[in-house]
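*Asks:* Numbers in this note's numbering are just positions in the sequence shown, counted from 1, shifted up by 729. Idealized CB from N, CA, C, for every residue including glycine. Please see the structure below; I have some questions.
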Amino acid sequence: MNPTPFLVDAHADIAYNMLKYGRDYTRPVSEIRTLEADSHTVHENGDTLISWHEYQRGNIAIIFSTLFAAPVRFRTYETETLIYKTFDEAHKLYSTQLDTYHRMQDSMPDKFRILASKRDLELHLAHWADATPETSRPVGMVILMEGAEGIRELSELEMWHNRGVRLIGPAWVGTRYCGGWKEPGPLTADGRKLLSAMADFNFTLDLSHMDERAAVEALDIYEGPIVGTHGNCAALMPNSNSNRHFTDRIIEGIIERDGVVGVVPFNTYLKVGWLRDKGHPREEVPLGVLADHIDHICQIAGDSLHAGIGSDFDGGFGVQSVPPEIDTVADLQKLVSLLQARGYSETDTANILGGNWIARLKRNLP
Ligand SMILES: [Zn+2]
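If you want it as structure tokens, here you go:
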């Protein structure tokens, strides 16, 4: 049997969690959970699912590390932090998170490494391939900006690119650039300009959170690479009453552009009506439901080359809100046997767990 495949997780709000909740991801998950027991953090964001140790255990070689902040109109309580009122404030919050990733790389080179080029990626993969359990395996971080309001003017794109940002998602909720989650709408005039400027640097466009109208137009006009880092299939969530999921039209569009869709193991996005607050048990949403979403993407594509994982773990939910088979991010490896039981080959599962994201990074990184 081949060794455990590399897993790539295309969505993790690492810096956001460090800055907002003081989470130290170099501690084991069990320690973070003990430290946070009964805290506001757990009430708000659940018990953590990720840490450097779990990335090692799960053979998770690369994560897409986000820059993220929410606009003040989506603040849920008065003292909430990492909230912006103005684009200047957004810029500052995003910039601080990017500094955090650089600091992690500088102060813990044995644990974290920013991947900003094909060369970085090549060296990184070679290192992981050769590493033994005793050698240190730094987790590779590809920087993804989620919700682009940290970009005040298009002339800044060069600075963000120079500092390592490689993917940009113009939406979270609606932004000045386009309609988004909970705030539907098309691309704005600024959004069209943003896409045109992004293409000059070959940024990868992330359609996650974009309203379908905006995403359809973006698929049509964006000249650079396109993916959906974290979203599930709307077709499997009928009457969800949410524009957060990818319609088949968008999935087809991403496949046509040879992109990848990363599925999210979050119960609320896997079963309509499932809510932690309403006391729904995790057992209602077995991991097989996530495999259904992967299968749906593969059926549309006719191959296993366009599905991936974007867990979004710790991005507003924790262990209380994921399928019962998952205690930490390392358990995503359980998808291998689930998919193989459905007839997926070893090559297929290696593609889905990480190979597809790695292939796009090989092609799209500078
Ligand atoms: Zn998101």
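#1: Here's the rule I'm using: 16 or more other beta-carbon atoms within 10 Å means buried, otherwise exposed. How should N891 be labelled?
#2: Can you list, in chain order, every residue whose CB sits closer than 7 Å to a heavy atom of ligand 1?
#3: If the criterion is Cβ atoms closer than 7 Å, does the pair I792 and D738 meet it?
#4: Quick check on the burial criterion: 16 or more other C-beta atoms within 10 angstroms. Buried or exposed for G908?
#5: Going straight from the alpha carbon of K814 to that of Q1062, what length do you get?
#6: Taking only runs that begin and end inside the segment 810 to 876, name each unbroken beta strand (DSSP E) of 3 or more residues, in chain order.
#7: Between which two residues does the alpha helix (DSSP H) containing R978 stretch?
#8: So H1035 and I984 are supposed to be a Cβ contact under 8 Å. How far apart are they, rounded?
#9: Using only the alpha-carbon positions, how far apart do Y951 and T1057 sit?
#10: What span of residues does the alpha helix (DSSP H) with D753 cover, start to end?
#11: For a test of the three-state rule: what should DSSP assign to G908, helix, strand or coil?
#12: Using a Cβ-based criterion (distance less than 6 Å to any ligand heavy atom), does H856 qualify as near ligand 2?
#13: Do P899 and A926 have their C-beta atoms within less than 7 Å of each other?
#14: Go ahead and pull the three-state DSSP assignment for D776.
#15: Quick check on the DSSP output: the alpha helix (DSSP H) that includes G920 runs from which residue to which?
#16: What is the DSSP secondary structure of H890, counted as helix, strand or coil?
#17: Does the distance from the C-beta atom of V992 to that of I1023 stay below 7 Å?
#18: In its own chain, which residues sit with a C-beta less than 6 Å from the C-beta of R804, not counting the 5 before and 5 after it?
#19: Within 10 Å of its beta-carbon, does R1089 have 16 or more other beta-carbons around it, so buried, or fewer, so exposed?
#20: Check for me: the beta strand (DSSP E) holding L936 runs from which residue to which?
#21: Relative to the C-alpha of R866, which candidate in H1025, I843, G1044 has its C-alpha closest?
#22: CB L965 to CB H1025, shorter than 7 Å?
#23: Out of A790, Y906, H820, M888, which one is the CA nearest neighbour of H856?
#24: Can you give me the start and stop residues for the beta strand (DSSP E) that I1038 sits inside?
#25: For L796, which beta-bridge partners are listed by DSSP?
#26: Which same chain residues, not among the five before or five after D1077, have their C-beta less than 6 Å away from its C-beta?
*Replies:* In brief:
#1: Counting from one through the sequence shown, the residue named residue 891 turns up at place 162. Classification for N891: exposed.
#2: Going down the chain, each residue whose beta-carbon is closer than 7 Å to a heavy atom of ligand 1 shows up: H740, E875, W901, S937, H938, H959, D1041, G1044.
#3: The residue you call residue 792 lines up with position 63 of the sequence shown. The residue you call residue 738 lines up with position 9 of the sequence shown. Yes. Within cutoff.
#4: As a first step, residue 908 is located in the sequence shown; it is residue number 179 there, counting from the start. That one is buried.
#5: Mapped onto the sequence shown, residue 814 falls at position 85. Mapped onto the sequence shown, residue 1062 falls at position 333. If you draw a straight line from the Cα of K814 to the Cα of Q1062, it is about 40 Å long.
#6: Here the runs fully enclosed are 841 to 843, 868 to 875.
#7: Locating residue 978 in the sequence shown gives position 249, counting from the first residue. Following the DSSP letters along the chain, one finds R978 inside the alpha helix (DSSP H) bounded by residues 977 to 985.
#8: For this step, residue 1035 is matched to residue 306 along the sequence shown. For this step, residue 984 is matched to residue 255 along the sequence shown. Cβ-Cβ separation between H1035 and I984: approximately 5 Å, consistent with a contact (criterion under 8 Å).
#9: What you label residue 951 is simply residue 222 of the sequence shown in a count that begins at 1. What you label residue 1057 is simply residue 328 of the sequence shown in a count that begins at 1. Their Cα atoms are separated by approximately 36 Å.
#10: Taking the first residue of the sequence shown as position 1, residue 753 is located at position 24. Annotation for D753: no alpha helix (DSSP H) segment contains it, and DSSP assigns it neither H nor E.
#11: On the sequence shown, residue 908 is found 179 positions in, with the first residue counted as 1. DSSP places G908 in strand when its eight states are reduced to three.
#12: The model on display carries ligand 1 but not ligand 2.
#13: For the purposes of this step, residue 899 is taken as residue 170 along the sequence shown, with counting starting at 1. For the purposes of this step, residue 926 is taken as residue 197 along the sequence shown, with counting starting at 1. In this structure, A926 does not lie closer than 7 Å to P899 by Cβ.
#14: For the purposes of this step, residue 776 is taken as residue 47 along the sequence shown, with counting starting at 1. D776: coil per DSSP, three-state reduction.
#15: Indexing the sequence shown from 1 puts residue 920 at position 191. In this chain, the alpha helix (DSSP H) harbouring G920 covers 918 to 929.
#16: For the purposes of this step, residue 890 is identified with residue 161 of the sequence shown, where counting begins at 1. H890: helix per DSSP, three-state reduction.
#17: Residue numbering aside, residue 992 sits at position 263 when the sequence shown is read from its first letter. Residue numbering aside, residue 1023 sits at position 294 when the sequence shown is read from its first letter. By the CB criterion at 7 Å, V992 and I1023 fall inside the cutoff.
#18: Sequence index remark: in the sequence shown, residue 804 carries index 75 (1-based). Result list for R804: I812, in chain order.
#19: As a working mapping, residue 1089 is identified with position 360 in the sequence shown. That one is buried.
#20: Numbered from its first residue, the sequence shown carries residue 936 at position 207. Looking at the DSSP string, L936 is not in any beta strand (DSSP E), and its letter there is neither H nor E.
#21: Taking the first residue of the sequence shown as position 1, residue 866 is located at position 137. Put simply, of H1025, I843, G1044 the residue whose alpha carbon is nearest the alpha carbon of R866 is I843.
#22: In the sequence shown, residue 965 corresponds to position 236, counting from 1. In the sequence shown, residue 1025 corresponds to position 296, counting from 1. Yes.
#23: Against the sequence shown, residue 856 aligns to sequence position 127. Selected option, being the one with the closest Cα: A790.
#24: Counting from one through the sequence shown, the residue named residue 1038 turns up at place 309. Run containing I1038: 1036 to 1038, per the beta strand (DSSP E) assignment.
#25: The sequence position of residue 796 within the sequence shown is 67, counting from 1. M874, per the DSSP bridge assignment.
#26: Residue 1077 sits at position 348 when you count from the first residue of the sequence shown. S1033, listed in sequence order.
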